[in-house]
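Take a look at the structure below.
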Amino acid sequence: MLNQVRLLETEVIRLKDCDLNFVNEVIEAGGKNAQLCFSCGTCSGGCPAVYTMDYTPRQIMRMVELGIKDKIFKSNTIWVCAGCHSCTTRCPRGVEISKVMAALKSIALRNGYPPREPGGPAWYNSFMEVIRNYGRVFEPELMLKYNLKKTKNPIELAKALLKDAPMGLEMFRKGKLILLPDKIKHREHLKIIQENIRKMRAEA
Amino acid sequence: MKLAYYPGCVLPTSGKEFDMSTREVFKALDIELVEIDDWNCCGATVAYNVDDLLALALPARNLAIAEKEGLEMVSPCPTCSYWLTRSKEAASDPSVLEKINKALEGTGLSYSGEIGGEHILEAIINRVGVEKVKEKVVNPLTGLKVIPYYGCYIVRPPRKKRFDSPENPTSMDSLLEAAGVTLVPWNMKTKCCGGSLMLSKEEVMLKLTHDILSRAKSLGADCIATLCQQCNLALDGKQRDIEKVYNEKIDIPVVYFTQLLGLALGISPKKLGLDKNIVGTEKLLQSIGIATI
């Protein structure tokens, strides 16, 4: 982590290499007030996951403002964000930092940027697939889909599935695991909603 | 009193004892919960990372169903109740409401923006009141040392209409005190457990949850009281994994506030699902003079 932070602080950032319109793209994708950040670092100070981030939330906010996209999307920060919203709660400028992180994730997912954390997109995509199919979460299939998306290596896959087996068995024993999905009647509604939104995005 | 009930996806499964104890407590408090028909996933901690309009439209489908019944909606899940509230707050902007309804086009449902959602804690505090709850306590949990843990979504992101302090919430404290417990003061009430990273970045979740469990244990609490099934899955469900990873004996029961409140209201441990928590609750129950099944 320290190496990367130093890199950013000692680097010459040329404005001609920046995409100064990027911040608007982030705001459009839900990152409310992203342009209002004045780099105080309150977000980084209270972030529970900052210890393992390539760049702190404050640095990401600055990179959003400057449109340094490649560094943002090559870092692990957006995928390590736990979405606890402490930053948003405490920001003195009303920046919804956690929603800026979410907006960045949505941009990365939409464009299929290769992630530094393969678990991130695997998780979001498998969750959306499961609820699109059933209307609700079905935990066993979600686990399976997630692991299949995360790794193509059969040994790693088997290890990942076995790791959670004891907890799964305990849940089953206590009547807390269902083996068949709880499907809603109007499953087509989920597909309709997503298709409507896709069209609205395409029109915009 | 009658309210629409939105359990959320996990409550019938890994959060079963939360669902059971919620229904029992509401019955004891004379509130009828009517589970809404054909409800769908609210998008949880995921949808807003995929598309911000989707994160409003998914809860709005449920709110549109509840509107047909004319009932305000409650949910035990803090994330669900946040997104139900958020959809209503966002819909106060007519242009957002229009977008939400455009997303619902073709489902035969539309949302007027009238009805929102709230968490069961909020409903108990605001619709029943701590004093009324206290009057109904028949079995005060005297001597039980409880650590109140709120997590994130119950108070964060902050709502326009604030229900409790985002930094130092006290609403669950007041109900637990009404139930007769002794609260253990601490500074991690709203520290994130990392639950949303349980699959995608497990080591971060293990660390954050370990920090919480370890502190709770060191303060000599008999149990941790929670109000979120995702927090419970981390603190209770993953506790054994954490003990192994950190080579540390923790063994602290993690129970829902509704389970403790239910006991104080005289409901049986079985009906409150106290045999379903992963870390056993037998000793805890014995310590307050309640025999297990």
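Protein chains in written order, with the numbering used here: chain D, 1128 to 1331; chain G, 470 to 762.
We put the CB at the ideal spot given by N, CA and C, even for glycine.
Of all the options the options, which has the alpha carbon lying nearest to the alpha carbon of residue i?
i: W1250/D; options: P626/G, G512/G, L590/G; result: G512/G
i: G477/G; options: V519/G, T548/G, R492/G; result: T548/G
i: L1231/D; options: T1278/D, V1191/D, L1269/D, R1325/D; result: V1191/D
i: R1189/D; options: T1179/D, I1224/D, Y1178/D, T1215/D; result: I1224/D
i: K745/G; options: L472/G, D488/G, Y475/G; result: D488/G
i: A1292/D; options: T761/G, L754/G, N701/G, K707/G; result: K707/G
i: G598/G; options: T554/G, L753/G, S643/G; result: S643/G
i: A559/G; options: N509/G, E671/G, L523/G, K605/G; result: L523/G
i: Q1321/D; options: P481/G, D562/G, I505/G, N570/G; result: N570/G
Confirm, please, whether the CB-CB distance from residue j to residue i is below 8 angstroms.
i: E717/G; j: S683/G; result: yes
i: M1255/D; j: V515/G; result: yes
i: N1203/D; j: D1181/D; result: yes
i: I616/G; j: V653/G; result: yes
i: C621/G; j: C1211/D; result: yes
i: K1201/D; j: R1263/D; result: no
i: P738/G; j: L732/G; result: yes
i: T611/G; j: E636/G; result: no
i: K1277/D; j: P1245/D; result: yes
i: S550/G; j: H588/G; result: yes
State the DSSP-derived secondary structure class of residue i, mapped to helix, strand or coil.
i: L1129/D; result: Its pLDDT being 49, under 50, L1129/D is placed unreliably in this model, and the coordinates cannot settle the point.
i: A524/G; result: helix
i: C692/G; result: strand
i: E1223/D; result: coil
i: Y474/G; result: strand
i: L666/G; result: helix
i: H1313/D; result: coil
i: K485/G; result: helix
i: Y725/G; result: strand
i: V615/G; result: strand
i: L652/G; result: strand
i: V1139/D; result: coil
What residue range is occupied by the uninterrupted beta strand (DSSP E) comprising residue i?
i: L1288/D; result: From DSSP, L1288/D is part of no beta strand (DSSP E) but of the alpha helix (DSSP H) over 1281-1290.
i: V543/G; result: 542-544
i: G1173/D; result: G1173/D -> not in any beta strand (DSSP E); alpha helix (DSSP H) instead, spanning 1169-1173.
i: V503/G; result: 501-504
i: E587/G; result: 586-588
For residue i, report the span of its alpha helix (DSSP H) as first-last.
i: P563/G; result: 563-573
i: I623/G; result: Premise fails: I623/G is in no alpha helix (DSSP H) and is neither H nor E.
i: L1271/D; result: 1266-1277
i: E600/G; result: 599-605
i: H679/G; result: 671-687
Quiz item: Taking a cut of 7 angstroms between CB atoms, which residues from the region 681-699 of chain G lie near chain D?
Solution: From the region 681-699 of chain G, no residue has a Cβ closer than 7 angstroms to chain D.
Practice problem: Mind checking the region 507-520 of chain G against chain D and listing, in chain order, the residues whose C-beta falls within less than 8 angstroms of any C-beta there? | Solution: D507, W508, N509, C510, G512, A513, T514, V515, A516, Y517, N518, V519, D520
Quiz item: Mind listing which residues of the region 1262-1288 of chain D have their C-beta closer than 9 angstroms to chain G's C-betas, in chain order?
Solution: Across the region 1262-1288 of chain D, CB contacts with chain G closer than 9 angstroms involve G1262, R1263, V1264, F1265, E1266, L1269, M1270, Y1273, N1274, K1277, in sequence order along the chain.
Quiz item: Closer than 7 angstroms, Cβ to any Cβ of chain G: which residues of the region 1152-1163 of chain D, in chain order?
Solution: A1156, G1157
Self-check item: Residues, ordered as in the chain, of the region 1162-1177 of chain D that lie near chain G by beta-carbon distance below 7 angstroms
Solution: Flagged, chain order: P1175, A1176.
Quiz prompt | chain G contacts from the region 1190-1209 of chain D (Cβ-Cβ distance under 8 angstroms) | solution = W1206, V1207, A1209
Quiz item: Name the residues in the region 1238-1253 of chain D whose C-beta lies less than 8 angstroms from a C-beta of chain G; which are they?
Solution: The residues in question are E1244, G1246, G1247, A1249, W1250, Y1251.
Quiz item: Going along the chain, which residues of the region 649-664 of chain G sit with their C-beta nearer than 9 angstroms to a C-beta in chain D?
Solution: The residues in question are T659, K660, C661, C662, G663, G664.
Quiz prompt | Selection of the region 543-572 of chain G by Cβ proximity to chain D, strictly under 8 angstroms | solution = Contacts with chain D (Cβ-Cβ distance below 8 angstroms) from the region 543-572 of chain G involve K568, K571, A572, listed in chain order.
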